[in-house]
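A.B. asks: Numbering (my numbering), first residue to last: 425 to 701. All C-beta atoms in this analysis are idealised placements derived from N, C-alpha and C, irrespective of residue type, glycine included. Being a predicted model, the structure only gives us computed values, none of them experimental. Let me begin by handing over the structure; questions about it come next.
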C-alpha cells in the first residue's frame with residue numbers, strides 16, 4: 425500500500441468514526457428528549473387535572489414545589505434525607521457485598537448452590553415486609569441497625585439471583601476453549617466468567633435499588649418514625665398532601681438518578697450490551 429492509499433484509508437476510518445459519534449450523539453439527544461418530554465407531559469396533565477379534585481387528596485405540582493422550598497427552609501427535608509441516605513447506603517452496601525459473594529459462590533460451585541438454594545427460594549417467596557418486625561425485635565429497636573438490615577433484606581435477592589444466573593449461564597463453548605488452552609482459574613474468572621456475568625449483575629443492581637428504596641421507607645414506617653418515611657406519615661396525617669408528596673418525589677428522584685448511574689456504568693464496563701441493543 426502506498427503512502428497516499430494509507431492516508432486515504434486513515435481518513436476514511438476517521439470519517440466513519442466521526443459519523444458514528446454524531447449518530448450516537450443524535451440518538452442520545454433523542455432519548456433524553458423523549459424522557460424529559462414524557463416527564464413534562466405528566467406534570468402538565470397533573471397541573472391541569474389536580475384543581476378538579478379535592479385538595480385534600482391531590483395537589484398540583486406548583487403547590488408541591490412551594491412545599492419543597494418550605495421544607496428546605498425549615499431544615500426538615502435535609503435532616504430526613506440524611507437519615508434515609510445512611511440507612512439506604514448501609515443496607516445497599518451489605519446487600520451488594522453478600523449478594524455478589526453468595527451469587528458467585530453458588531453459581532460456580534454446585535455444593536454451595538444446593539446448600540443455599542432452598543433458603544433463598546423460601547426467603548424470596550416470603551413478603552419481606554412480614555420479616556421487618558422480626559428484624560426490629562432482633563436488633564431491639566435500637567439505632568439505625570434494624571432499618572439498615574431491612575434495606576439489605578429487600579435488596580439482596582435480586583443481586584444474589586442475577587449474579588448466580590450470570591455465572592451459571594456462561595457460554596460453555598467459551599469455557600471449553602479456555603480449558604483447552606490450559607487457562608488458569610484466575611484467568612478463567614477475569615477473561616470469561618466475570619465479563620459474561622457483569623450484565624446480569626448490573627441488572628440485579630438496578631432491581632435492587634428500587635427494592636432498597638422500598639425497604640428504606642417501609643423500615644421507617646415500622647421501626648421508629650424517622651427519615652423521609654416520617655415526613656410522609658406526619659404530613660399525611662395532617663392532610664398536607666403538598667408536603668407529603670415532597671419526600672415521595674425525592675425517593676423517586678433517587679431511584680431515577682441511581683438507576684441512571686448504573687446504566688452509565690454498564691455502558692462503560694460492558695459496552696457490548698449497548699451495541700446489542
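#1: Pull up the distance between the alpha-carbon of residue 528 and that of residue 588, whole angstroms please.
#2: Less than 8 Å between the CB atoms is what I'm expecting for residue 686 and residue 618, so what's the real figure, rounded?
#3: Using the beta-carbon count (16 or more within 10 Å), is residue 568 buried or exposed?
#4: Skipping 5 residues on each side, what residues in its chain have a beta carbon closer than 6 Å to that of residue 465?
#5: Pop quiz: residue 481 and residue 665 are said to be a contact at Cβ under 8 Å. What is the actual Cβ separation, rounded to whole angstroms?
#6: Tell me, to the nearest whole angstrom, how far the beta carbon of residue 523 is from that of residue 559; I am working on the premise that it is less than 8 Å.
#7: Between which two residues does the alpha helix (DSSP H) containing residue 589 stretch?
#8: Leaving out five residues before and five after residue 471 in sequence, what residues of the same chain have Cβ atoms less than 7 Å from its Cβ?
#9: Apart from the five residues on each side of it in sequence, which residues of its chain come closer than 6 Å, Cβ to Cβ, to residue 656?
#10: With three or more beta-carbon pairs closer than 8 Å as the criterion, would you say the stretch 508-526 touches the stretch 636-652?
#11: Return the first residue and the last residue of the alpha helix (DSSP H) that residue 550 is part of.
#12: Residue 631 and residue 582: beta carbons closer than 8 Å?
#13: If we ignore side chains and look at the alpha-carbon of each, how far apart do residue 550 and residue 585 end up?
#14: What residue from 682, 491, 519, 495 has the CA that sits closest to residue 573's CA?
#15: Determine the direct distance from the alpha carbon of residue 602 to that of residue 596, and round the result to whole angstroms.
#16: Mind checking which residues open and close the alpha helix (DSSP H) that includes residue 635?
#17: Let me know the secondary structure DSSP gives residue 543 once reduced to three states.
#18: Looking at C-alpha atoms only, which residue of 507, 620, 489 is the closest neighbour of residue 591?
#19: Around the Cβ of residue 496, are there at least 16 other Cβ atoms within 10 angstroms (buried) or fewer (exposed)?
C.D. replies: Walking through what the data contain:
#1: 6 Å
#2: With a beta-carbon spacing of about 17 Å, residue 686 and residue 618 fall beyond the 8 Å limit used to define contacts.
#3: buried
#4: none
#5: 7 Å
#6: That pair is no contact at about 17 Å.
#7: 569-592
#8: So the qualifying residues of the chain are 484, 485, 486.
#9: 668, 671
#10: Contact between the stretch 508-526 and the stretch 636-652 is present, because at least three Cβ pairs lie under 8 Å.
#11: Taken as a continuous stretch (DSSP letters only), residue 550 belongs to no alpha helix (DSSP H), as it is neither H nor E.
#12: yes
#13: 15 Å
#14: 519
#15: Approximately 10 Å, taken between the alpha carbons.
#16: 618-646
#17: In the three-state DSSP reduction, residue 543 falls in the helix class (H, G or I).
#18: 620
#19: Exposed, since its Cβ has fewer than 16 Cβ neighbours within 10 Å.
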